[in-house]
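These notes concern the structure reproduced below.
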Amino acid sequence: MNPVLETTWLLKSVIENNDLIMTIGKDFVVEIDAPISSEMTVYDDFDANLWNANHILCRLDKQIFQLHKNSSCIAEVRAAAKTRFWWDLPDSDVKDTLKKIIRLRAVMPVASLRLYSSHFSLRNSDDKIVAKGQLSQSIVGEHSLHYLTLKEMRGYNKCFSQAKKRLKTLLDREVPDFCLKTMLIEQKLMGTAKQGPPPVHLTPQMPAEIAVRTMAVAMIAQAILNVDGVVSDTDTVFLHQFRVSVRKLRSLTSLLKKSLPPSTLEIVAPKLSDIAGKTSRLRDLDVFLLEKDSYRTLLPELHEDGLNVLYTLVEKQRQQENIRLARYFLSSKFQQDIAECKAELAAEPAFSTPMSKEPVLSVAKSLLIRRYRKILSMSMQLNATSDDEDVHDIRKEFKKFRYLIEFFIELLPKKRTSRLLAQLKRLQLTLGQFNDYCVQIEFLHGFDDDSQIEMTKALSGLTAILHHKQIETRNQVEAALARFFTDEMAMEIELAFGAKSIGDKT
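Below, the structure is given as structure tokens:
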């Protein structure tokens, strides 16, 4: 017979087999199977991307990883316990799913869970099984929870109700959708990632200085959140996120510098510049290594040995650079600099400049209009004979323009801003690719070594290919800019940022 109803309850306390028999033994014959025990370690990345995507990755022993979704296991794979990245796994559904969800993030243990379960059956006086059930226990550390599941058998709903009534004194509350995820939630393990700084809530009339200080303090907190991951070299995303937070903070304090006292900028600007500069080399090494497989496909196999020498050298440099940066992050110099920046930006507003007292939405719209017009003017002067540096300057200005939008996005017209950001991202993809090729070519020149003949040949071949791609992308820049700077875009910009009213949400 197939079960037609299944209900699980959290028990008030642990119950032994005899407790169950004494509670319902007068109405049913209780048959209880021997208990089954298991241990599992739950994995996720720092951002809890698996959990947020309704997936759970767990290791059952030293070699078996299972992937759960909703209430069932959807895939499993055998892999070493030290596995951290999706590319460390053999080809499997688990590998494919992790690749989509966590990308460059590393998975790490976030919880250990011990499970005990005993199945039981209830028989009536005719020796028919009228209900089935399970006693379950989940243990995390010293904290344990106990559950009882009861399944109704078709045609015996009265027996199910009778058993439920008898068990009522043992039950605390019903647990809907009982599964591994439910047990983790009940054990207070649903927040697997570190909590970031609270979201910034701006209001249109908030004075500009208060808004800038509020955003700046949140950006510093976000940067600090990634430091431990860089020091432990958990994955490359930590450094990337640290750099993004610092870059946005520098842009914020630069673009809205007139809203802050000059003394604040004199303290903060050089320290942030120094901090950012310390991270550049490691990021360049990371980016190159992340493209390793892609670069291998660009060159014929005869350059394989040369590439291997190059990658060995880059990986060694990366290891040394990571150690150097970790020491810097742990140094009193960094700790003092970041603390001073935070203290200076968290200080009470001085309102010492005209802009500092202006409503932040009015300031933001004015800056966005001026920034757009500046980029338009720069783009109109660009032509096929312009220097690469001119393209880089335009790319930087577009990045500042996008940052300005993102800083104040909650105050700006939602639909118009979303459409604008989508077009901005497409344009920045072209400008970013051009910049990436330029950076990687310059990066490769740093490894020229006439004593390494095979590596030099590989370097020459790779540089030539990247230079060709650089030229191809450079030829696309003006067309990409022309697609962006249209009459329709000018109208969108004016409607989104030109109006002085604050109620536009279209």
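Residue numbers (the numbering used here): 525 to 1030.
Every residue gets a Cβ at the ideal spot worked out from N, C-alpha and C, and that includes glycine.
The structure presented is a predicted model; accordingly, all values stated were derived computationally and were not measured.
C-beta atoms of residue i and residue j nearer than 7 angstroms
i: D759; j: R629; result: yes
i: A742; j: V724; result: yes
i: L900; j: F1009; result: yes
i: L763; j: R807; result: yes
i: G830; j: A982; result: yes
i: V736; j: S797; result: no
i: I653; j: S641; result: no
i: T531; j: R690; result: no
i: T565; j: S616; result: no
i: I965; j: L986; result: no
i: P728; j: L935; result: yes
i: V887; j: M730; result: no
i: I539; j: L694; result: yes
i: I734; j: P873; result: yes
i: K795; j: Y852; result: no
i: T954; j: A1004; result: yes
i: A732; j: E882; result: yes
i: L672; j: L535; result: yes
i: Q976; j: V833; result: yes
i: V768; j: A800; result: no
i: N573; j: I625; result: yes
i: V664; j: Q711; result: yes
i: Q841; j: L809; result: yes
Residue i, buried or exposed, once every other Cβ within 10 Å from all chains shown has been counted against 16
i: M879; result: buried
i: N750; result: buried
i: W1032; result: Here the chain has residues from 525 to 1030 only, and residue 1032 is not among them.
i: N578; result: exposed
i: G1027; result: In this prediction, G1027 scores a pLDDT of 41, lower than 50, which makes its location untrustworthy; the coordinate-derived value is nonetheless stated afterwards. When all chains shown are included, G1027 counts as exposed.
i: D557; result: exposed
i: W610; result: buried
i: H827; result: buried
i: S562; result: exposed
i: E676; result: buried
i: E996; result: exposed
i: D569; result: buried
i: T1030; result: Low confidence applies here, because T1030 scores a pLDDT of 40, under 50, leaving its location unreliable and the question unanswered by this model.
i: K1024; result: Below a pLDDT of 50, predicted positions are generally treated as unreliable, and K1024, at 48, falls in that range; the measurement from the model is reported next regardless. Exposed, because fewer than 16 other Cβ atoms sit within 10 Å of the Cβ of K1024.
i: A740; result: buried
i: I598; result: exposed
i: G657; result: buried
i: H592; result: buried
i: I847; result: exposed
i: E868; result: buried
i: I560; result: exposed
i: N594; result: exposed
i: M525; result: In this predicted model, M525 has a pLDDT of only 46, less than 50, meaning its place in the structure is not dependable enough to derive any value.
i: L659; result: buried
i: S856; result: exposed
i: K705; result: buried
i: Q661; result: buried
i: T716; result: Residue confidence is low: T716 scores 44 on pLDDT, short of 50, so the model does not pin down where it sits. Its coordinate-derived value is still stated next. Per the 10 Å Cβ criterion, buried.
For residue j and residue i, believed in contact at Cβ under 8 angstroms, the rounded distance
i: S890; j: P785; result: About 20 angstroms; that fails the 8 angstroms criterion.
i: R919; j: N959; result: 6 angstroms
i: R647; j: E555; result: 7 angstroms
i: L779; j: K623; result: That belief does not hold up - the Cβ atoms of L779 and K623 are roughly 37 angstroms apart, past 8 angstroms.
i: V1032; j: L581; result: Limits of the chain in this structure are 525 at one end and 1030 at the other, which puts residue 1032 out of reach.
i: L669; j: F684; result: Contact flag wrong, Cβ pair sits at about 24 angstroms.
i: M904; j: D917; result: The pair is not a contact, with the Cβ atoms about 14 angstroms apart (cut-off 8 angstroms).
Terminal residues of the alpha helix (DSSP H) in which residue i lies
i: E476; result: Residue 476 is absent from the structure shown; the chain starts at 525 and stops at 1030.
i: T997; result: 977-1008
i: V754; result: 751-755
i: E555; result: It is not in any alpha helix (DSSP H) - E555 instead sits in the beta strand (DSSP E) that spans 553-556.
i: K782; result: Segment: none, K782 is in no alpha helix (DSSP H) and carries neither H nor E.
i: N541; result: 541-548
i: I918; result: 912-931
i: E882; result: Counting along the chain, E882 falls outside any alpha helix (DSSP H), and DSSP gives it neither H nor E.
i: V963; result: 938-969
i: S818; result: 816-822
i: A874; result: No alpha helix (DSSP H) contains A874, which DSSP labels as neither H nor E.
i: L574; result: 573-576
i: A1014; result: 1011-1017
Continuous beta strand (DSSP E) stretch holding residue i: start and end
i: E563; result: 560-568
i: T507; result: Absent from the structure is residue 507, since the part of the chain shown begins at 525 and ends at 1030.
In the region 679-740, which residue ranges form an unbroken beta strand (DSSP E) of at least 3 residues, counting only runs that do not cross its ends?
695-698
Report the residue ranges of all beta strand (DSSP E) runs contained in full by the region 583-658; include only those spanning at least 3 residues, in chain order.
588-593, 596-602, 632-647
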